[in-house]
Amino acid sequence: MDALIKTYYVPELDTLDVWFGDVGTVVESVEVGDGIISKLGKNGEVIGVEIVGLSKTRREDLAGLASDVRNTLLEAIKKQNVATAGLS
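Here our numbering is used: the first residue of the sequence shown is 653, the next is one more, and so on.
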């Protein structure tokens with residue numbers, strides 16, 4: 653995960669999008685947990701993650717993500733400084 657990471661949090665929707673790659677290259681979206689959507693590129697690589705209901709998300713909700721993606725996502729969430737149910 654050496655690429656520039658972009659994050660977008662929409663408080664009104666309590667939705668966080670984290671992009672590790674080019675948004676325009678998404679070919680598939682897969683729900684990997686309750687409200688956790690992995691955005692995949694043409695080779696199956698994770699290029700983004702969307703969390704619907706961020707404030708209610710717990711660490712165990714992220715279990716469906718690869719560990720490097722999960723760790724990068726947790727760091728991005730910390731930088732957003734959004735109160736969550738159990739990600740701290």
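We treat Cβ as the ideally placed atom computed from N, Cα and C, and that holds for glycine.
If you measure between the beta carbons of residue i and residue j, is that distance less than 8 Å?
{"i": "THR724", "j": "ILE699", "result": "no"}
{"i": "GLU702", "j": "ASP674", "result": "no"}
{"i": "GLY716", "j": "ILE689", "result": "no"}
{"i": "THR736", "j": "LEU714", "result": "no"}
{"i": "LEU739", "j": "ARG711", "result": "yes"}
{"i": "LEU692", "j": "VAL682", "result": "yes"}
Since residue i and residue j are thought to touch, with beta carbons under 8 Å apart, how far apart are those beta carbons, to the nearest angstrom?
{"i": "VAL684", "j": "LYS694", "result": "Between LYS694 and VAL684 the Cβ distance is about 18 Å, and since that is not below 8 Å, they are no contact."}
{"i": "THR659", "j": "ALA718", "result": "In fact, because the Cβ distance is near 18 Å, the residues do not count as touching under 8 Å."}
What three-state label does DSSP hand residue i in the structure shown?
{"i": "VAL678", "result": "coil"}
{"i": "ASP666", "result": "coil"}
3-residue-minimum beta strand (DSSP E) runs that sit fully inside the stretch 680–738, ordered along the chain: As far as the stretch 680–738 is concerned, its whole beta strand (DSSP E) runs of at least 3 residues are 680–685, 688–692, 698–704.
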